[in-house]
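Participant: Dropping the structure in here first, questions after.
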Ligand SMILES: [Zn+2]
């Protein structure tokens, strides 16, 4: 059992509350205690780990003042405390005093108009994990903070710019003390202010505490694997689409080790070339198909009529299965929304079809309901009827955002459009190489397999583990050498939507409790099993046919978009390139 103390003397500050909430988010049980509780000895002995202490600079100074009064203070400290994470609190002089004690010589305020890049150290790999060596492009300074501009040899700079460090590791009597000099700790229950979380906006308040929790608690929620896939929206399966040449892209995937899912517009189901279908089938490790809307008309999944969207989703799947039976090429039942636009009604409709998940850049629906930071820090956003959105990003959002997603346990899903390949894939290859250099081996798979492998897990005891499932399908794999009992939970706001749950070929029982469904799955060493949540179909009347005028407009729009992608954009890019 590990003992985690959030130390407070007096009332809990906002930072104390944010730290406690973060521990809870990562599945770490904690106790709020006083400085005397840490050294009181009621949490040591067989079965107990050493304590992890999280507190403000002032509380930490109080802790060591109490400690110094003990005769065998050094032994007690080393035997009882594993490490400490210290945040400034509202007492700047306590922060200065502690920083000096840990080896900081000079501290200057962190400028609000920061124009420096910051780097995560690669000198303490096991602490920084996937963030090791990552550069963060001009992170925002939106609260008070300090830079330790000189530090003696006993201190390691973990997050720093050329001018100094904002997060450092020191030691107190041989125990590691991590000190963040930024006054804010992230409040994950705050509303997300943009369409996806951006670590460049929150580096100083988010990265130190998350790095510490992931390092200090081996029993916190973790992703068993880091999965990745590149997604290209819109192409038809022809030899070339816009700047994408499928043979050239295959060569790039083979040379730089990655996989690509084409977000395919179902409307195009009769238009694939036999040559490219063969290329996809022969290279299923690299190429796969996902579903991009239905007709790809403007914001088609953003309206609020659920029956209509249910009809659209089913039509999309019907066209895709016609494509599969005509060509023999299978597809992933994963929805990529056209223009990233979706409504709550659209998510509810998709839940009742064979789609297993949606993938999108944006997480705020057209209904504009607030989404919290905690919602997007989960492996997938589950707040829309319990149908998951896995987030994806453009390369220009920076390697730092992909690394932070991976640190949280989210897959790396990269989106581009055809024009990103206008330089013969050089830019793409460079970006993929950067991703593959992260200190975390990426498993490049097709999109459905990325999603089936994306879940959170934490050990409960030897032989049992807890799993949080997100997509409607989960591939559970027991990589240990013993039988493991998995207790699986999945967010479900409306359990009566569920028809049945399959574990392999069997139906299994489940319980509903406080917005979650729970069930157990036992796997032998090395065994794996597909778990599927099957939802009831909707009984509402679905419009079957669209008006002729809509069909004509859709056709015109598709051909005009292709004209733009195949001729106008490449010509414009050639013109820009030749200047
Ligand atoms: Zn599109």
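Numbering (our numbering), first residue to last: 5 to 583. Just so you know, even glycine gets a beta-carbon here, dropped at the ideal spot from N, CA and C.
#1: What does a CB cutoff of less than 7 Å around residue 192 pick up in its chain, not counting 5 residues either side in sequence?
#2: Using CA atoms only, rank isn't needed, just tell me which of 486, 562, 152, 457 is closest to residue 394.
#3: Is it the case that the CB of residue 148 approaches a heavy atom of ligand 1 more closely than 7 Å?
#4: Would you say the segment 173–188 touches the segment 150–158, given that touching needs at least three Cβ pairs under 8 Å?
#5: What separation, rounded to the nearest whole angstrom, lies between the Cα atoms of residue 571 and residue 577?
#6: Hey, residue 537 and residue 505: beta-carbon distance below 8 Å or not?
#7: Return the chain-ordered ranges of every beta strand (DSSP E) run that is complete within the segment 86–154 and spans a minimum of 3 residues.
#8: Tell me the DSSP bridge mates of residue 364?
#9: Please list, in chain order, all residues with a C-beta atom less than 6 Å from at least one heavy atom of ligand 1.
#10: If you follow the alpha helix (DSSP H) that residue 157 is in, where does it begin and where does it stop?
#11: Tell me the rounded alpha-carbon separation between residue 228 and residue 460.
#12: Taking 8 Å as the cut-off, does the segment 266–273 touch the segment 294–313 (at least 3 CB pairs, one atom from each stretch)?
#13: Where does residue 559 land, buried or exposed, given buried means 16+ other C-beta within 10 angstroms?
#14: Report all residues from its chain with a CB closer than 7 Å to the CB of residue 280; omit the five preceding and five following residues, and keep chain order.
#15: Quick check on DSSP: helix, strand or coil for residue 208?
#16: Taking DSSP as the reference, what is the three-state secondary structure of residue 49?
#17: Across the segment 402–411 and the segment 211–219, are there enough close Cβ pairs to call them in contact, namely three or more that are closer than 8 Å?
#18: What are the boundary residues of the beta strand (DSSP E) that residue 9 is part of?
#19: Tell me whether the segment 520–538 and the segment 463–479 touch, counting them as touching only if at least three CB pairs, one residue from each stretch, are closer than 8 Å.
#20: Are there 16 or more other CB atoms within 10 angstroms of the CB of residue 304, so buried, or fewer, so exposed?
#21: Name the one or two DSSP bridge partners that residue 3 has.
#22: Could you check where the beta strand (DSSP E) with residue 495 kicks off and where it finishes?
#23: Whole angstroms are fine: how far does the CA of residue 88 sit from the CA of residue 56?
#24: Find the nearest neighbour of residue 275 within the set 562, 550, 419, judged by alpha-carbon distance.
#25: Within the same chain, show all residues whose beta-carbon is closer than 6 Å to that of residue 390, passing over the 5 residues directly before and after it, in chain order.
#26: Going by the DSSP bridge assignment, what does residue 245 pair with across the sheet?
#27: Threshold first: 3 residues or longer. Then list the beta strand (DSSP E) segments lying entirely within the segment 224–305, N to C.
#28: Which residues bound the beta strand (DSSP E) around residue 77?
#29: Expressed to the nearest angstrom, what Euclidean distance is found between the alpha-carbon atoms of residue 116 and residue 347?
#30: Residue 406 and residue 432 - do their beta-carbons sit closer together than 8 Å?
#31: Would you give the residue range spanned by the alpha helix (DSSP H) that residue 377 belongs to?
#32: What first and last residue would you give for the beta strand (DSSP E) that runs through residue 182?
#33: Would residue 226 and residue 397 qualify as a contact pair, given that the criterion is a beta-carbon distance under 8 Å?
#34: I'd like to confirm the pairing. Which residues does DSSP put opposite residue 526 in its beta bridges?
#35: Just mark residue 12 as buried or exposed, buried being the case when its beta carbon has 16 or more other beta carbons within 10 Å.
Facilitator: From the atom records:
#1: Non-local C-beta neighbours of residue 192 in its own chain, meaning closer than 7 Å and more than five positions away in sequence, comprise 25, 26, 29, 376, 377, 378, 381, ordered along the chain.
#2: The shortest C-alpha separation from residue 394 is found at 457.
#3: Not so, every heavy atom of ligand 1 lies at least 7 Å from the Cβ.
#4: Contact holds: three or more Cβ-Cβ distances are below 8 Å.
#5: Their Cα atoms are separated by approximately 10 Å.
#6: Yes, these two residues count as a Cβ contact at 8 Å.
#7: Runs of the beta strand (DSSP E) lying entirely within the segment 86–154 and spanning at least 3 residues, in chain order: 108–113, 122–124.
#8: 395, per the DSSP bridge assignment.
#9: That query returns the following residues: 237, 238, 296, 300, 342.
#10: Boundaries cannot be given for residue 157, as no alpha helix (DSSP H) includes it and DSSP labels it neither H nor E.
#11: Computed Cα separation, rounded: 7 Å.
#12: Yes: at least three Cβ pairs fall under 8 Å.
#13: Residue 559 counts as exposed, since fewer than 16 other C-beta atoms from the protein chains shown sit within 10 angstroms of its C-beta.
#14: Closer than 7 Å at the Cβ level, and outside the excluded window around residue 280, lie 241, 242, 243, 250.
#15: In the structure shown, residue 208 sits in a helix (DSSP, three-state: H, G or I).
#16: At residue 49, the pLDDT of 47 sits below 50, so the modelled position is not reliable; the number obtained from the coordinates is stated separately. Residue 49 carries a coil assignment under DSSP once its states are collapsed to helix, strand and coil.
#17: Verdict: yes, contact present.
#18: Per DSSP, the unbroken beta strand (DSSP E) holding residue 9 starts and ends at 7–11.
#19: Touching, per the Cβ criterion.
#20: Counting the other CB atoms within 10 Å of its CB gives residue 304 a total of 16 or more, which places it among the buried residues.
#21: Past the boundaries of the shown model lies residue 3; the chain is included only from 5 to 583, so the question cannot be answered.
#22: Boundaries of the beta strand (DSSP E) harbouring residue 495: 488–495, taken from the DSSP string.
#23: Rounded to whole angstroms, residue 56 to residue 88 spans 6 Å at the Cα level.
#24: Residue 562 holds the alpha-carbon nearest to the alpha-carbon of residue 275 among 562, 550, 419.
#25: Counting only Cβ-Cβ distances below 6 Å, and skipping sequence neighbours, we find 495, 496, 497.
#26: DSSP output for residue 245 lists 248 as bridge partner(s).
#27: Segments of the beta strand (DSSP E) lying fully in the segment 224–305: 230–237, 264–268, 291–295.
#28: Unbroken run through residue 77 is the alpha helix (DSSP H), 77–84; no beta strand (DSSP E).
#29: Going from the Cα of residue 116 to the Cα of residue 347 covers about 37 Å.
#30: When the beta-carbon positions are compared, residue 432 and residue 406 stay at least 8 Å from each other.
#31: Counting along the chain, the alpha helix (DSSP H) containing residue 377 begins and ends at 377–381.
#32: Element bounds for residue 182: 179–184.
#33: Taking 8 Å as the Cβ cut-off, residue 226 and residue 397 do not qualify as a contacting pair.
#34: The partner list for residue 526 (beta bridge, DSSP) reads 489.
#35: Under a 10 Å Cβ-count criterion, residue 12 is classified as buried, with 16 or more other Cβ atoms of the shown protein chains found around its own Cβ.
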